[in-house]
Amino acid sequence: MIFLKSSEEIELLRISNQIVAKTHGEISKIIKPGITTKYIDKIADEFIRDNGAVPGFLNYNGFKGSICVSVNDVVVHGIPSDNIVLQEGDIVSVDIGAYKNGFHGDSAYTYPVGEVSPQVKALLRTTKEALYKGIEQARENNRVGDISAAVQSYCEERGYGVVREMIGHGLGRNLHEAPDVPNYGKRGNGPKLRAGMVICIEPMINLGVRNVMIEKDGWTCRTVDGKPSAHYEHAVAIGKGQADILSGFKYIEEVLGERFI
Ligand code: MG
Ligand code: MG
446 MIFLKSSEEI
456 ELLRISNQIV
466 AKTHGEISKI
476 IKPGITTKYI
486 DKIADEFIRD
496 NGAVPGFLNY
506 NGFKGSICVS
516 VNDVVVHGIP
526 SDNIVLQEGD
536 IVSVDIGAYK
546 NGFHGDSAYT
556 YPVGEVSPQV
566 KALLRTTKEA
576 LYKGIEQARE
586 NNRVGDISAA
596 VQSYCEERGY
606 GVVREMIGHG
616 LGRNLHEAPD
626 VPNYGKRGNG
636 PKLRAGMVIC
646 IEPMINLGVR
656 NVMIEKDGWT
666 CRTVDGKPSA
676 HYEHAVAIGK
686 GQADILSGFK
696 YIEEVLGERF
706 I
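When you read off a place in the sequence shown, starting at 1, and then add 445, the result is the number in the working numbering.
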């Protein structure tokens, strides 16, 4: 069942997603070689709580982190750890959730650590562009498949692997609601988009093959070929024209300046 949101509920969702967006701004200040993924988690946890929210992922199905921090070939759901230290040339995907006023925020961004290779930079740029190609299709009377096909074709035409096992979703009082929003599919297929739907569009794109595996911890999702993977996510509200982006990368851009890819 798809829950349509009132304009008041969309404003509450905007509050939660803006806390997530600002948390990303804080994270972008500290990403550098030598820090641990647990330290990123700590900074995010403190900022979310200082803003009167609760980390949305903590204890979700037993997840033992306030946020997900996924390095290089880890696609998503990396568990923050004191033993994982960022190195020059790494990429780190940070997925943040914040829960406030009964509604969830959810947005992800992949950060370069110092200088990354041109090949990896192109992966990041393409994945972020694919997110916006998907958002362009997120409008009333289109279908979920229009979003999916836009993301898939943009990435596959450029030779990247589009992850199938992990997908976007509706967002509201629950972190994951209907409809599913896959990053692969056919135009004109899937549920019709209606004003008041709030969805997370989140391409997970691999430099190599699309296949992934889950580690024994039950969470860490890695590429099978060990090549890096990128993840960008926005929460958007569907309306008549262009979708209303409830999250946003502007706080990241303000910090990174010319280094913003
Ligand atoms: Mg997320
Ligand atoms: Mg999500």
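Glycine included, each C-beta is placed from N, C-alpha and C at the ideal position. Given the structure is predicted, the values throughout are model-derived calculations rather than measurements.
Measuring alpha carbon to alpha carbon, tell me which of the options ends up nearest residue i.
i: E698; options: K477, V565, I706; result: I706
i: E453; options: T481, S538, S598, G547; result: G547
i: V558; options: P624, R494, D662, Q532; result: Q532
i: A583; options: K631, Y599, Q687, H621; result: Q687
i: F502; options: P624, R494, C513; result: C513
i: G606; options: I475, F448, P673; result: P673
i: I650; options: L458, I480, Q597, G635; result: Q597
i: W664; options: I524, V465, N517, Q463; result: I524
i: V669; options: H676, H679, N656; result: N656
i: G653; options: V520, K685, V681, S552; result: V520
Check the DSSP bridge columns for residue i and list the partner residues they point to.
i: S674; result: N651
i: P500; result: A543
i: E494; result: In the sequence on display, residue 494 carries Arg and not Glu. The partner list for R494 (beta bridge, DSSP) is empty, contrary to what the question assumes.
i: Y556; result: V537
i: M658; result: R667
i: E699; result: For E699, which the question treats as bridged, DSSP gives no partner whatsoever.
i: E622; result: G615
i: K637; result: R588
i: D551; result: G542
- prompt: Are three or more beta carbon pairs between the segment 567-578 and the segment 484-491 nearer than 8 Å?
  reply: no
- request: Within the segment 563-613, note down every full alpha helix (DSSP H) run reaching 4 residues or more, in order along the chain.
  value: 563-581, 589-601
- prompt: So does the segment 612-619 actually touch the segment 639-647, counting three or more Cβ pairs closer than 8 Å?
  reply: yes
field: the segment 658-668 contacting the segment 626-637, beta-carbon criterion three pairs below 8 Å
entry: no
message: Threshold first: 4 residues or longer. Then list the alpha helix (DSSP H) segments lying entirely within the segment 456-497, N to C.
response: 482-495
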